[in-house]
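Under numbering that gives the first Met the number 0, the residues of the sequence shown are numbered 0 to 202, in order. Ideal Cβ positions, reconstructed from N, Cα and C, are used throughout, including at glycine.
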Amino acid sequence: MIRRLISQSFMMHEYVDYHVAGAPATEIKKRYQQEVLAGVADWLRTLSLHIPEWKTISYCVSLYYNRSMVTLASLIIDRYKDAAYCPGDSAENITFPDDLQLEKSNQDITLNFGDIKGSKIIAFVSEQCPVSMVATVSKARILAKEKNPVTLIVAPLEKLSDKHLAMSRMLRNGKLLFASDEKWRKNNLTKKVKLPLFVRIEN
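Right, dumping it as structure tokens:
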């Protein structure tokens, strides 16, 4: 019931006219985003005594991520960084063998981790943690603008699914590779990992 109420409160923003006479059209989007962020703050204050802040943030982020509104979801994460995470253990001593199986989002090309030369970033994600999905798509967008490209590899905590692969559709530029090796996942990601988590590897 609380989730439905939160969802409906944010949907109300879709029906508000944020245009101000004489103001440029770009102000409409800016005012809309500001009101959404203010709404998140209101829900955090309202629910803080009953629901952990990370859960409230996670749900608010999911409302926009599930509509492919990654920019707005990312703004929520940036504004409330201290609460924008999913709890878990730190990921330590995870190795990435050269024969770790990777695939592209269209699943028609499979390659090994050792085939990827240069800098790599491993992004750990979970379907149950929309904050991690948003952070990864945002990271991919940033990396796509860099002169020296870095390969971003997505390592799901659960079995690779269509929901993970759909992250690629939220990118105009930049590419994602996905770890699809079930044996590696089960041997290394048996514990719940605190997310978002990015590990950079240089070689």
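| query | From I93 to E26, what does the alpha carbon distance come to, in whole angstroms? | reply | 46 angstroms
| task | Leaving aside the five residues before and after V198 along the sequence, list all residues of the same chain whose C-beta is less than 6 angstroms from its C-beta, in chain order. | result | I121
| request: Give a yes or no on whether the C-beta atoms belonging to S179 and Q127 are separated by under 7 angstroms. | output: The answer is no: Cβ separation not under 7 angstroms.
| Leaving out five residues before and five after S6 in sequence, what residues of the same chain have Cβ atoms less than 7 angstroms from its Cβ? | L62
| query | What whole-angstrom Cβ distance do F95 and F123 have, given they're in contact under 8 angstroms? | reply | Contact between F95 and F123 fails: their C-beta atoms lie close to 12 angstroms from each other, not under 8 angstroms.
| message | Please identify the residue among K162, K138, L194 whose C-alpha is closest to the C-alpha of S104. | response | K162
| query | Enumerated in chain order, which unbroken segments of the beta strand (DSSP E) with a length of 3 residues or greater are wholly contained in the region 103-188? | reply | 109-111, 119-124, 150-155, 175-178
| query | Given a threshold of 16 other Cβ atoms within 10 Å of its Cβ, counted over all protein chains shown, does T109 qualify as buried or as exposed? | reply | The residue in question, T109, is exposed, as its Cβ has fewer than 16 Cβ neighbours within 10 Å.
| query | Where does the unbroken beta strand (DSSP E) through L196 begin, and where does it stop? | reply | 196-200
| For D81, which of helix, strand or coil comes out of DSSP? | Helix at D81.
| Got a sec? Which residues, its chain only, sit under 6 angstroms from S137 by beta carbon, not counting five neighbours each side? | S73
| Apart from the five residues just before and just after T64, which ones in its own chain have a Cβ nearer than 8 angstroms to its Cβ? | Sequence inspection shows Tyr at residue 64; the Thr mentioned does not correspond to that position. Contacts found: A72, P129, M132, V133.
| query | Expressed to the nearest angstrom, what Euclidean distance is found between the alpha-carbon atoms of S67 and R30? | reply | 20 angstroms
| Which residues does DSSP pair with V192 in a beta bridge? | D88
| query | Ends of the alpha helix (DSSP H) at D41? | reply | Annotation: the continuous alpha helix (DSSP H) that includes D41 extends over 25-46.
| request: Leaving aside the five residues before and after M169 along the sequence, list all residues of the same chain whose C-beta is less than 8 angstroms from its C-beta, in chain order. | output: Here the set comprises S67, V69, V136.
| said: Using DSSP's beta-bridge definition, name the partner residues of Q100. | reply: Answer by DSSP bridge pairing, in chain order: N111.
| task | Give the straight-line distance between the Cα atoms of C59 and F177, rounded to the nearest whole angstrom. | result | 26 angstroms
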